[in-house]
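Encoded as structure tokens, the structure appears first; notes follow it.
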Amino acid sequence: MSPKIPFEHPFIPLISDYGFKATFGNEHNSLFLRRALQALIQSEVPIVRVDFLPNEVHRLNPDSRGGVYDLACVDERGQYFIVEMQLSEYPEFIQRMKFYSLYRFNTLVKKGDYSFANLPRIYCIGIMGSVMFPHIATYYNVAALRNQTGELMDDQTTFITVELPKFTKTAATVVTELDILLYTMKNLHEAPADPREWPVFWTKDWIRAAMD
């Protein structure tokens, strides 16, 4: 019998369907998801708890469209998160994000004498494995309702997009929690089998939770 040869790369891609569900969608241990969301929305306030929500968009009438998004959850402060992973090219991806976010918005607005006050925040996050916006140089973008001079009018619903191919930082140039997240998502499946060759930041508890 020939000796066992260790895997050259011991991890599956986090951006694969299974990898995404096993890490972001891990309902038994949400540490990675909570820290990833905190990094993606660039918040210094820790997310203590998330409750997973049904990810199906029901049709409003027989002629309207339904759908299923990759992940939906709400944190302890009532902030809603919709996360979509898109590997292949999808020119209308931003339209799909708007569809999902507006559906969630519609579920928050109640009928009757309603003033639209104190609506919870909705973050619609799209992580893409291909370049969707070639005219935009940045890999990380935050979009909200702004006027013609760029002044913020409303950010109750905020769209966040990440184009992983545009993220080119090396392990030596990683600084922020967002850097750590994106570097890990882009490179974990190519990590060597020897842990001594891994970046130091992969010892962080939330990253190890995903690796485990």
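Numbering (this note's numbering) for the sequence shown: 60 to 271.
Ideal placement from N, C-alpha and C gives every residue a C-beta, glycine not left out.
Keep in mind the model is a prediction, meaning the values are calculated, not measured.
Hey, how far is the Cα of residue i from the Cα of residue j?
| i | j | result |
| --- | --- | --- |
| Leu240 | Ala95 | 7 Å |
| Glu86 | Thr208 | 42 Å |
| Asp213 | Phe260 | 35 Å |
| Phe164 | Phe140 | 11 Å |
| Asn217 | Lys157 | Before going on, a small fix: residue 217 reads as Thr here, not Asn. Cα to Cα, Thr217 sits roughly 10 Å from Lys157. |
| Leu130 | Leu146 | 15 Å |
| Gly137 | Pro179 | 6 Å |
| Leu167 | Asn200 | 25 Å |
| Asp76 | Glu103 | 29 Å |
| Met244 | Ile74 | 6 Å |
| Val109 | Ile186 | 19 Å |
| Pro258 | Asp238 | 12 Å |
Among residues of its own chain, excluding the 5 on either side of residue i, which ones have a beta-carbon nearer than 6 Å to its beta-carbon?
| i | result |
| --- | --- |
| Leu277 | Coverage of the chain is limited to positions 60 through 271, which leaves residue 277 absent and any answer about it impossible. |
| Gly78 | Ile71 and Pro72 |
| Phe40 | What is shown of the chain runs 60 to 271, which leaves residue 40 out entirely. |
| Ser189 | Glu148 |
| Phe111 | Glu86 and Cys132 |
Mapping DSSP to helix, strand and coil, what is residue i?
| i | result |
| --- | --- |
| Gln154 | helix |
| Arg136 | coil |
| Ala252 | coil |
| Glu260 | Correcting the residue type first, residue 260 is Phe in the shown sequence and not Glu. Helix. |
| Tyr77 | helix |
| Gln145 | strand |
| Tyr198 | coil |
Please classify residue i: is it buried, with 16 or more other beta-carbons within 10 angstroms of its beta-carbon, or exposed?
| i | result |
| --- | --- |
| Asp253 | exposed |
| Phe83 | buried |
| Thr235 | exposed |
| Asp134 | buried |
| Lys169 | exposed |
| Gln11 | With the chain covering 60 to 271 only, the question about residue 11 has no answer from this structure. |
| Asn177 | exposed |
Whose C-beta lies closer than 7 Å to the C-beta of residue i among residues of the same chain, with five residues either side of it excluded?
| i | result |
| --- | --- |
| Leu211 | Ala203 and Arg205 |
| Asp122 | Confidence at Asp122 is low in this model, with a pLDDT of 46, below 50, so the placement of that residue is unreliable and no value is reported for it. |
Please work out which residues of its chain come closer than 8 Å, Cβ to Cβ, to residue i, disregarding the five sequence neighbours upstream and downstream, and give them in chain order.
| i | result |
| --- | --- |
| His68 | His248, Glu249, Ala250, Pro251 and Ala252 |
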